[in-house]
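Colleague: Letter by letter, the sequence shown follows residues 3 to 203 in my numbering.
Just so you know, even glycine gets a beta-carbon here, dropped at the ideal spot from N, CA and C.
This is the structure I want to talk about, given as structure tokens.
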Amino acid sequence: MPSRFFSLLGTMVFIAMVPMAGALLAQPAGVQPGTAAPVMTDEQDLRAELKDLLPRNRLMGKGRLTYWGFLVYDARLWAAPGFRADNPAAQPFALELAYLRDFSNVDIAARSITEMRRSADIDEGQARAWTAEMLRVLPNVKKGDRIMGVNRPGVGALFLVNGKPSGEIRDAEFTRLFFGIWLSPNTSEPKLRSALLAGAM
């Protein structure tokens with residue numbers, strides 16, 4: 003995200019996650035600014051890995067993050083029917099970022115910590131520990147890569163890169179703040195949050 007970055011995964015990475023300064027404009031894919039975002043599922047929204055990870059999953063919403071006309075990533079959120087937007091951390095879900103340009107994992111991790119600090123005070127020791135964990139599970143990304151973060155309530159976050167597991171961060175507080183980059187009311191990208199939660203209760 004940017005100074006309003008990776009906002010909404012980093013996903014997730016969630017991840018999260020994109021180093022840029024300036025105001026990012028997030029809008030639902032295929033929807034003009036200022037209009038409502040219908041949640042429509044097509045073949046591009048289906049993920050084989052979710053059959054086992056979230057067997058009752060359905061697409062809650064999707065949106066695209068752009069920066070002054072430059073494409074950053076497409077984000078998608080899957081959850082079970084009845085998913086509530088007021089307490090996402092307590093429910094299983096999957097958040098995916100499909101990158102539309104290249105980013106290093108160092109920049110993704112750094113921007114993720116900056117965005118997570120919108121919701122909580124994070125001391126330098128904790129920031130270093132969480133940064134190391136993100137670098138362990140998140141790769142450098144190229145255009146076309148997909149990073150998915152799966153929320154495991156009370157346990158942590160499982161990450162997949164292009165459909166294959168890349169690691170897990172077993173820390174519930176990290177997971178809450180990380181996915182909060184996109185789903186928290188404190189997000190720097192409220193339009194993208196609304197697009198992702200379009201089908202939630």
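(1) Could you compute how far the alpha carbon of Gly156 sits from the alpha carbon of Thr177?
(2) DSSP beta-bridge partners for Leu100?
(3) Quick one: grab the DSSP three-state call for Met203.
(4) Return the first residue and the last residue of the beta strand (DSSP E) that Phe161 is part of.
(5) Does the Cβ-Cβ distance between Glu191 and Leu97 come in under 8 Å?
(6) Just to confirm my understanding: we take Gln93, look at its own chain, exclude 5 residues before and 5 after, and list those with CB closer than 8 Å. What are they?
(7) Report all residues from its chain with a CB closer than 8 Å to the CB of Leu198; omit the five preceding and five following residues, and keep chain order.
(8) Identify which residue in Glu175, Phe181, Met150 has its Cα closest to the Cα of Gly169.
(9) Using the three-state DSSP reduction, which class does Val33 fall into: helix, strand or coil?
(10) What is the DSSP secondary structure of Leu140, reduced to helix, strand or coil?
(11) Mind checking who Phe95 pairs with in its DSSP beta bridge?
(12) What is the C-beta distance between Leu179 and Ala122, in whole angstroms, given that I count them as a contact (C-beta under 8 Å)?
(13) Name the DSSP bridge partner or partners of Pro167?
(14) Measure the alpha-carbon distance for Tyr101 versus Asn89 and round it to whole angstroms.
Modeller: Quick answer:
(1) For the purposes of this step, residue 156 is taken as the residue at position 154 of the sequence shown. For the purposes of this step, residue 177 is taken as the residue at position 175 of the sequence shown. When rounded, the distance between both Cα atoms is 9 Å.
(2) Translated into the one-based positions of the sequence shown, residue 100 becomes position 98. The amino acid at residue 100 is misidentified as Leu; the sequence shows Ala. Asp76, Arg148, per the DSSP bridge assignment.
(3) For this step, residue 203 is matched to residue 201 along the sequence shown. Correct three-state label for Met203: coil.
(4) As a working mapping, residue 161 is identified with position 159 in the sequence shown. DSSP places Phe161 in the uninterrupted beta strand (DSSP E) bounded by 158 to 163.
(5) As a first step, residue 191 is located in the sequence shown; it is residue number 189 there, counting from the start. As a first step, residue 97 is located in the sequence shown; it is residue number 95 there, counting from the start. Taking the C-beta atoms as reference points, Leu97 is found no nearer than 8 Å to Glu191.
(6) Taking the first residue of the sequence shown as position 1, residue 93 is located at position 91. For Gln93, same chain residues with a beta-carbon under 8 Å away, outside a window of 5 residues either side, are Ala81, Ala82, Phe85, Arg86, Asn153, Pro155 in chain order.
(7) Start at 1 with the first residue of the sequence shown, and residue 198 comes out as number 196. Answer for Leu198: Leu10, Met62, Gly63, Lys64, Gly65, Ala77, Arg78, Leu79, Leu97, Trp184, Leu185, listed in chain order.
(8) Taking the first residue of the sequence shown as 1, we reach residue 169 at position 167. When each option's Cα is compared against that of Gly169, the closest is Met150.
(9) Residue 33 sits at position 31 when you count from the first residue of the sequence shown. The predicted model places Val33 with a pLDDT of 34, which falls under 50 and marks its position as unreliable; any figure quoted below should be read in that light. The answer is coil: DSSP assigns Val33 none of H, G, I, E or B.
(10) On the sequence shown, residue 140 is found 138 positions in, with the first residue counted as 1. Residue state, collapsed to three classes: coil.
(11) Mapped onto the sequence shown, residue 95 falls at position 93. DSSP lists Ala81, Asn153 as partners of Phe95.
(12) Counted from its first residue, the sequence shown places residue 179 at position 177. Counted from its first residue, the sequence shown places residue 122 at position 120. With 8 Å as the limit, Leu179 and Ala122 qualify as a contact, their Cβ atoms being about 6 Å apart.
(13) As a position in the sequence shown, residue 167 is number 165, starting the count at 1. DSSP lists Leu162 as partners of Pro167.
(14) For this step, residue 101 is matched to residue 99 along the sequence shown. For this step, residue 89 is matched to residue 87 along the sequence shown. About 27 Å.
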